[in-house]
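K.L.:
Positions 187 to 345 (my numbering) are the ones given, in order, by the sequence shown.
Even for Gly, the Cβ is constructed at its ideal location relative to N, Cα and C.
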Amino acid sequence: MVLTPTGLRFQGDLYPCTIGKGGITCRKQEGDGATPRGVHRIVGMLYRPDRIARPVPWARPIGPRDLWSDDSSDDDYNMMVRAPYPHSHERLRRADPLYDLVFLTDWNWPYAVKGRGSAIFVHQYRRAGYPTEGCIALSRAHLHSIASGIRYRTRLIVR
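Given below as structure tokens:
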């Protein structure tokens with residue numbers, strides 16, 4: 187997958203997408219809203235089993251207590267954690283459909299540098315053109331189409 191100025195290119199197709207409200211950066215920091223430039227790998231796929239079927243055999247279900255730590259002062263920074271969790275985090279099982287299907291990248295993972303920015307996901311967008319907090323977002327249909335073609339360690343190139 188290659189992020190271009192006109193969309194996300196994958197297997198010969200170009201998919202419209204949105205990126206972080208902070209644009210693309212070489213100096214990613216927690217909370218800057220930017221999408222980090224570089225070559226990243228897809229290291230996981232999460233899905234909501236109460237909303238969609240398992241998209242690929244290696245996808246992992248999102249449970250009601252699943253969270254993602256974005257607290258750079260905690261030892262579990264930039265890791266999936268479970269509630270109850272007293273530190274700053276993002277809920278993975280959301281009321282809206284944004285995280286019904288999520289590709290996890292290896293941005294600042296598995297050995298997180300404190301403050302360099304937590305998870306960069308590929309997920310569903312709120313609406314076309316609406317920026318993210320640093321992730322890459324696509325329409326539901328395009329996300330599902332890509333899910334069937336990616337593999338563990340598929341490259342995501344952000345130029």
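Assign Ile332 to one of three DSSP states: helix, strand, or coil.
P.N.:
Here Ile332 sits in helix by DSSP.
K.L.:
Please go through the segment 283 to 336 and give each complete alpha helix (DSSP H) segment of 4 or more residues, from N-terminal end onward.
P.N.:
You should have 326 to 333.
K.L.:
What three-state label does DSSP hand Val242 in the structure shown?
P.N.:
In this structure, Val242 counts as coil in the three-state DSSP scheme.
K.L.:
Cutting at 7 Å between CB atoms, please list the residues of its own chain near Trp244, excluding the five before and the five after it.
P.N.:
Excluding positions up to five away in sequence, the list reads Met231 and Tyr338.
K.L.:
When we look at the beta-carbon of Asp236 and count the other beta-carbons within 10 Å, is it buried (16 or more) or exposed?
P.N.:
Exposed, since its Cβ has fewer than 16 Cβ neighbours within 10 Å.
K.L.:
Tell me which same chain residues have a C-beta within less than 8 Å of the C-beta of Gly335, skipping the five on either side of it?
P.N.:
Closer than 8 Å at the Cβ level, and outside the excluded window around Gly335, lie Phe196 and Gln197.
K.L.:
Determine the direct distance from the alpha carbon of Asp292 to that of Asp256, and round the result to whole angstroms.
P.N.:
If I take the Cα positions, the gap works out to 15 Å.
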